[in-house]
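Q:
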Amino acid sequence: MEEQLTAVEAGPRYPGPFEVGVYARKIQAEMRKRAKVQLIGEVTGVGRSKVQAYFELRDSDGAVPCAIWLNDLEKCGIGDQLRDGVEVVASGGLDYYPGGGQASPKFSFRATHVRLAGEGDLIARLEALRKQLRAEGLFELQKQLHRPRLPKAIGVVTAETGAARRDLLAGLQRRGWGGSVIWGFAPVQDRHAAPAIGRAVQDLAARPEVEAIVVTRGGGSLADLWAFCDETLCRTVAMLRVPVVSAVGHERDRTLIDDVAAVACSTPTHAAEAAVPLDCLAARESLERCAISLRRAGEGAIGTRSRHLSALARGPARALQRERGSLNQKIREIRAAAERGLADRVASQTRKGTVVLERARNRAVGADMEKRQAALRRALVALRAHEPERTLERGYALVEREDGEPLASAAEVSAEERISLRFSDGRVRARPEPDGAA
Amino acid sequence: MDESERDLSPTAQPDSYEAAVERLEEIIDRLDSGQAGLRETLDLCKEGRELVKYCAAELDEVGEGLKELRLDDLATKLEVGSPESP
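Residue numbers (the numbering used here), protein chains in the order written: chain A, 935 to 1372; chain B, -2 to 83.
Next comes the structure, spelled out in structure tokens:
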């Protein structure tokens, strides 16, 4: 009797049920119809059976299980080079092993050819990553961080053995820098390198005394340097708050960590200079010069001003002397000028006085002329009235000596032997006789 | 002690070696220009001497020979010391 199932028990009304073995082979057929492609990635988990080799192709975003028949692998000519950590390009397509009564089914990428990844393959991958990280702005974050010129401690991520470590130390010592170097040793080549380097930079950045981190390794092929192109590592470095100086490979090698780091250098020696920008030896010399300049400036400022003050202190005496000399000169000039001026003025005044007097005389003469003439006439009349000739005209005679000298008394006449009597109309000689004899 | 405190009081402690050197260069330029008066010159000289002292101390800190430490050792010490830490 057929058992009836409820709707719940029956489940969705899809086609089937089909026999799983049939279905598994159907899957296998569908998978094998997919387009054949090439995959690139790092080989991990390599294993071999009697007939085929197994491995995973992996990158930071995902992984695909792969398998290759040993006879195909031998035709590829890479033999033992197919090992963990190598970058390969696998050609093939999807496959599905349906398993069986005892064997487990397995999905895989059936490779028909495997080759080691060439420079071109890696460069293509690198460029794609570079484009992506740049677009996200991850190249700029580290470059905006402040880099101290004189850090006291720096962290260094590199291989414990190798020339890079030695070169970096030599570079630091050449600058006269004697701070602390904290080594974060890590493998620098294989698939374990990137995670180890990532942990080391994070641990170093977490230490408060670390002011800069150097990530360095020597030269090699791009495949050798591939750990420094790891996307996870580069994202970690980009987000650190401590500046990272990268020096990976040689100058022509440009790994992704160089793009995200604060500074990318071509050699460990240059990385030392970038991590400690200050040349301590040169800085000491410069500081000595500064100290000398300051001392000279201080002493000079006082010395110069002291001399200036001394000069100023002597100034008044000199100024007085100068003024005195100047005054004396002026006095001499004034005196000479005064003498010249006085003479000129006297001459001028004399000329002026003469003119004034002349004018005054002329004025005086002109005004009194008539008065004076009238007075003169009156005086003349009075004078003529007293003239002896007038008296003689009235009948008097004037007694004179013979030489004409008037005789005014009898005694004078008596003393003369001969006298002259002058009348108005002429003279008469006479001889006086004594009074008693008459 | 009092003396050193008094010496430092006119100028603040520089933030960094770079800041100290930058200020020192400004001071030297100003003094070289001959534009500073006596009081300013003496103040600048005093500030400059303090900055030189600071820079020399900073250089001395990295002048005693390079010290090498291993991150692994530091991490181990941290782990060993952690139970005792408060």
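For each residue, glycine too, the CB sits at the ideal point set by N, CA and C.
1. When DSSP labels each residue in this structure, what does Ser6/B get in the three-state scheme?
2. Output the residue ranges of the beta strand (DSSP E) runs that lie fully inside the region 1017 to 1084 of chain A and measure 3 residues or longer, sorted by chain position.
3. With which residues is Ala1198/A paired in a DSSP beta bridge?
4. Are the region 1172 to 1182 of chain A and the region 1227 to 1246 of chain A touching by the rule of at least three beta carbon pairs closer than 8 Å?
5. Between Val49/B and Arg20/B, what straight-line distance do the alpha-carbon atoms span, to the nearest angstrom?
6. Pull the bridge partners of Thr978/A from the DSSP assignment, please.
7. May I have the straight-line CA-CA distance separating Gly981/A from Phe989/A, to the nearest angstrom?
8. Quick test of your reading: Ile1012/A and Leu1156/A, contact by CB under 8 Å. State the CB separation rounded to the nearest angstrom.
9. I'd like to know whether the C-beta of Arg67/B is nearer than 8 Å to at least one C-beta of chain A.
10. For Gln1107/A, which residues in chain B fall below 8 Å Cβ to Cβ?
11. Could you tell me which of Ile1088/A, Leu1138/A and Ala1130/A sits nearest to Ser1114/A, measuring between CA atoms?
12. Does DSSP put Gly1013/A in a helix, in a strand, or in coil?
13. Could you tell me whether the Cβ of Ser13/B comes closer than 8 Å to any Cβ of chain A?
14. So, does the CB of Glu19/B fall closer than 8 Å to a CB anywhere in chain A?
15. Specify the secondary structure class of Gln1255/A as computed by DSSP and reduced to three states.
16. Whole angstroms are fine: how far does the CA of Arg1312/A sit from the CA of Glu1304/A?
17. Ignore the nearest five residues each way along the sequence and tell me which others in Tyr147/B's own chain have a CB closer than 7 Å to its CB.
18. Would you kindly work out how many angstroms separate the C-alpha atoms of Pro1340/A and Val1333/A, rounded to a whole number?
19. In the DSSP assignment, what residue or residues form a beta bridge with Gly996/A?
20. Compare the C-alpha of Met1173/A against each of Val1210/A, Val1135/A, Glu1207/A and Leu1007/A and name the closest.
21. Going by beta-carbon coordinates alone, are Thr1201/A and Asp1137/A separated by less than 8 Å?
22. Ignoring anything shorter than 4 residues, give me the alpha helix (DSSP H) runs that lie fully in the region 1309 to 1369 of chain A, in order along the chain.
23. For chain B, find out if any of its Cβ atoms is closer than 8 Å to the Cβ of Asp1213/A; answer yes or no.
24. Whose Cβ in chain B lies nearer than 9 Å to the Cβ of Ala1271/A?
A: According to the data block:
1. A caution first: Ser6/B carries a pLDDT of 40, below 50, which makes its placement in the model unreliable, though a value can still be read off. In the three-state reduction of the DSSP assignment, Ser6/B falls in the coil class, being assigned neither a helical nor a strand state.
2. As far as the region 1017 to 1084 of chain A is concerned, its whole beta strand (DSSP E) runs of at least 3 residues are 1021 to 1031 and 1040 to 1050.
3. Answer is Ser1180/A, bridged to Ala1198/A.
4. Judged by Cβ distances under 8 Å, the region 1172 to 1182 of chain A makes no contact with the region 1227 to 1246 of chain A, as fewer than three pairs qualify.
5. Near 10 Å, if we compare the C-alpha coordinates of Arg20/B and Val49/B.
6. Glu990/A, per the DSSP bridge assignment.
7. Cα to Cα, the separation comes out at about 6 Å.
8. Contact flag wrong, Cβ pair sits at about 18 Å.
9. For Arg67/B, the closest Cβ of chain A is nearer than 8 Å.
10. Those within 8 Å of Gln1107/A in chain B are Leu63.
11. Of the listed residues, the one whose Cα sits closest to Ser1114/A is Ile1088/A.
12. Note: Gly1013/A maps to helix in three-state DSSP.
13. Output row for Ser13/B: interface = yes.
14. Glu19/B does not count as touching chain A.
15. Look at Gln1255/A here: in three-state DSSP terms it is helix.
16. Straight through space, the alpha carbons of Arg1312/A and Glu1304/A are spaced by roughly 12 Å.
17. Given that chain B is displayed from residue -2 to residue 83, the structure contains no residue 147/B and the question cannot be resolved.
18. Each residue's Cα considered, the two are about 6 Å apart.
19. Answer is Asp993/A.
20. Minimum Cα distance to Met1173/A is reached at Val1135/A.
21. Between Thr1201/A and Asp1137/A, the gap from beta carbon to beta carbon reaches 8 Å or more.
22. Runs of the alpha helix (DSSP H) inside the region 1309 to 1369 of chain A: 1322 to 1327 and 1344 to 1349.
23. Not flagged as an interface residue toward chain B: Asp1213/A, since no C-beta distance is shorter than 8 Å.
24. Chain B residues near Ala1271/A: none, gap ~49 Å exceeds 9 Å.
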